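Asks: Protein chains in written order, with the working numbering: chain G, 116 to 481; chain F, 116 to 481.
1. Looking at chain F, is there any beta carbon in it that lies within less than 8 Å of the beta carbon of residue 410/G?
2. What alpha helix (DSSP H) runs, 4 residues minimum, are completely inside the segment 357–386 of chain F?
3. Determine whether the Cβ of residue 227/G lies closer than 8 Å to any Cβ atom of chain F.
4. Mind listing which residues of the segment 281–292 of chain G have their C-beta closer than 8 Å to chain F's C-betas, in chain order?
5. Could you confirm whether any beta carbon from chain G is found closer than 8 Å to the beta carbon of residue 157/F?
6. Taking 7 Å as the cut-off, is the beta-carbon of residue 399/G closer than that to any non-hydrogen atom of the ligand MN?
7. Let me know if residue 471/F comes out buried or exposed under the rule of 16 or more other beta-carbons within 10 Å of its beta-carbon.
8. To be precise: take each residue of the segment 319–335 of chain G, compare its Cβ to all Cβ atoms of chain F, and keep it if any distance is under 9 Å. Which residues remain?
9. Give the DSSP bridge partners of residue 429/G, in chain order.
10. What's the C-alpha gap between residue 262/F and residue 468/F?
11. Check the Cβ-Cβ distances between residue 413/G and every residue of chain F, and say whether any is below 8 Å.
12. Assuming residue 235/F is part of the alpha helix (DSSP H), what are its boundary residues?
13. Chain F beta carbons: is any one of them nearer than 8 Å to that of residue 449/G?
14. Quick one: which unbroken beta strand (DSSP E) runs of 3-plus residues sit fully inside the segment 234–286 of chain G? Chain order, please.
15. Against residue 349/F, what residues of chain G qualify as contacts under a CB-to-CB distance less than 9 Å, listed in chain order?
16. In terms of alpha-carbon separation, which member of 458/G, 466/G, 397/G lies closest to residue 413/G?
17. Counting contacts by CB-CB distance shorter than 8 Å, is residue 243/F in contact with chain G?
18. Between the segment 149–178 of chain F and chain G, which residues of the former have a C-beta closer than 9 Å to a C-beta of the latter?
19. Relative to the C-alpha of residue 255/G, which candidate in 440/G, 373/G, 379/G has its C-alpha closest?
20. Work out the CA separation of residue 308/F and residue 421/F for me, nearest whole Å.
21. Rounded C-beta distance between residue 240/G and residue 216/G? I'm assuming under 8 Å.
22. Determine, for residue 270/G, whether the minimum Cβ-Cβ distance to residues of chain F falls below 8 Å.
23. According to the Cβ coordinates, are residue 424/G and residue 178/F closer than 8 Å?
24. So, does the segment 397–407 of chain F touch the segment 444–451 of chain F, judging by three or more C-beta pairs under 8 Å?
25. Would you kindly report the start and end of the unbroken beta strand (DSSP E) that includes residue 313/G?
26. Tell me the DSSP secondary structure of residue 397/G in three-state form.
27. Who does residue 457/G pair with in a DSSP beta bridge?
28. Assign residue 336/G to one of three DSSP states: helix, strand, or coil.
29. Does any residue of chain F have a CB that is nearer than 8 Å to the CB of residue 221/G?
30. Kindly indicate which residue of 122/F, 343/F, 151/F, 476/F has the alpha-carbon position closest to the one of residue 264/F.
31. Hey, out of 213/G, 251/G, 122/G, whose CA is closest to residue 417/G's CA?
32. I'd like to know if residue 478/G contacts chain F, where contact means its C-beta is closer than 8 Å to some C-beta of that chain.
33. Helix, strand or coil for residue 469/G? Go by DSSP, reduced to three states.
34. Out of 461/G, 350/G, 260/G, state which residue places its alpha-carbon closest to the alpha-carbon of residue 384/G.
35. Is it right to say residue 481/G is buried, meaning 16 or more other beta carbons lie within 10 angstroms of its own, or is it exposed?
36. In the DSSP assignment, what are the bridge partners of residue 145/G?
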């Protein structure tokens, strides 16, 4: 790929270089797959990327020779390695003039690899870093936002086509089969995480994957899934009732729905992650279900389905303009079931924009 | 779950304890998800497991309270944490009498977490370890082998049902949609990796995922996918030709098929990983395509789709009785395409047993 005017990857690499200067680093060794894709476009699973002020070098293996050239050739020099990416690093780094202090990604490098780097690369000063690229990734540009919107559209249409097929006697796995088929037919490049279809008592398990359990009349059914478009993820949850909802289901559903709506309307840039979380949590607590909302409110989505920022009660970092986050309050009661409603929300300069349009009112599948 | 006589998890924990004694460790901190599942049955995505001679303690978060009890209650004491698994570790460890040296999994712990452990846990001696649990996992017991066989059966039946739907004009994504639907309908608990449907020139990319490319007459089509049953994976590849194969396709196919068959019949316990790899590599080299076989021959499968052992030219470790490995030679030619044939093989006490039965002869889809 030729480098083109306005290639967003060039702007990203330039911003990273400014960040390296601020951090007093001559170069950064990038082992995170998502960070590598963000900076270079390379989508393979095996690579090391080195960015200095003067160079961008992508080391990958034989399997990705053609793919590396197509995806990253415009912004990075490619090094194709037959045996070990790490051994190639020791031939690449000495060629980078003036590079003495090198950062590595402490949150994306295994202990064993960090040991190797420090021991084999004793002629450089190695410094653990955090979030140098992730902080850039929080602020989605227009192209990234379009990808996420496309991933949302695929997911919503797939769910719309699947809902009529949800019926008593079908297993959770059969529902997952149809939903995932539609996701792929509609162009989802991957399943960003294991589809959750959790029905009846299993819906009380916030992360239950689809099982052989047969759906029964009266079940709560949590459907949590996503799509990928242009490398970017969507992440959506809806909860249905099979048949007519009873009063307890309806009451809990309304509380979760209102918590979702309240938080989705109020997540503004500048707000701390803990304060965003508190909007939904306070609402649910005031309505008596605080003990049943055990996870945090949401997380960023983008090239990864879980990325910065986090909306949780321990997070002091403020939300940034341009982030896309999930808003996913839920309540879970052992032996009874669970309810979660999850939307994807862009934190725009003029306030939150909910990207998901699938109905949020209680849907009784009769 | 009550502990039952003959519970394989108890034997695994006992063998790990023997390994800890040999390694001079009082306890092991386990952060690998697959290792945790192997030892306790717990399948959640967020946990820390501590095993000492006297105790097995599983720390997990609120979301997995019910699931943790059901899956791991029989062999582990559960600690449910609302905020940070790591902070709970510092209340669990002091309760373990006589524990002073603690191993951690260097290959499964991020640098940032290892730093945290060493800094916050200064009253213990921390030692990086490798493969203490993985080495046990290589030798599958009868129950594990049954799970893998079930995962193979699901995958093969799904492929059988999908093949008649592969036709010119369909996109790779549409083929993936049908294949994945059948996998789920037939009970696969998850997709163990991103399904690869790579056609035409794209089949020269060994790890190309399904795209919007439309299949054309004359295409080579690589289909690489798997199923999960009881937590265990299968991993299978077949390469088809859409329409009639030409002479070059047929010639390369026969070389790959023969390399596959030769290696599958010859992977015996005790053989080094490099020697297993060499069986197929030498065959392909002798037939002039050595430069086109750029990846290694195979890898172990089990709770993970890539696990020990590795069958690669750098590996000196011998294959162990009871391992299940992939045998997946391939050739890739830029601009022309690629061919890969991958089977799952159990390395039994009396020699290799090929678990995959799907036909390996060249299948022309006409």
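Where is the CB? At the ideal position from N, CA and C, for every residue including glycine.
All figures in this text were calculated on a predicted structure; none of them were measured in a lab.
Replies: On the basis of the coordinates in this document:
1. yes
2. 362–379
3. yes
4. 288, 289, 291, 292
5. no
6. This structure lacks the ligand MN; in fact it carries no ligand of any kind.
7. buried
8. 319, 320, 321, 322, 323, 324, 325, 326, 327
9. Residue 429/G is not bridged to any residue.
10. 15 Å
11. no
12. 226–235
13. yes
14. 240–244
15. Per Cβ cutoff of 9 Å: no residues; residue 349/F is ~16 Å from chain G at best.
16. 458/G
17. yes
18. 158, 159, 160, 161, 176, 177, 178
19. 440/G
20. 10 Å
21. 4 Å
22. no
23. no
24. yes
25. 311–314
26. helix
27. 352/G
28. strand
29. yes
30. 343/F
31. 251/G
32. no
33. strand
34. 461/G
35. exposed
36. 164/G
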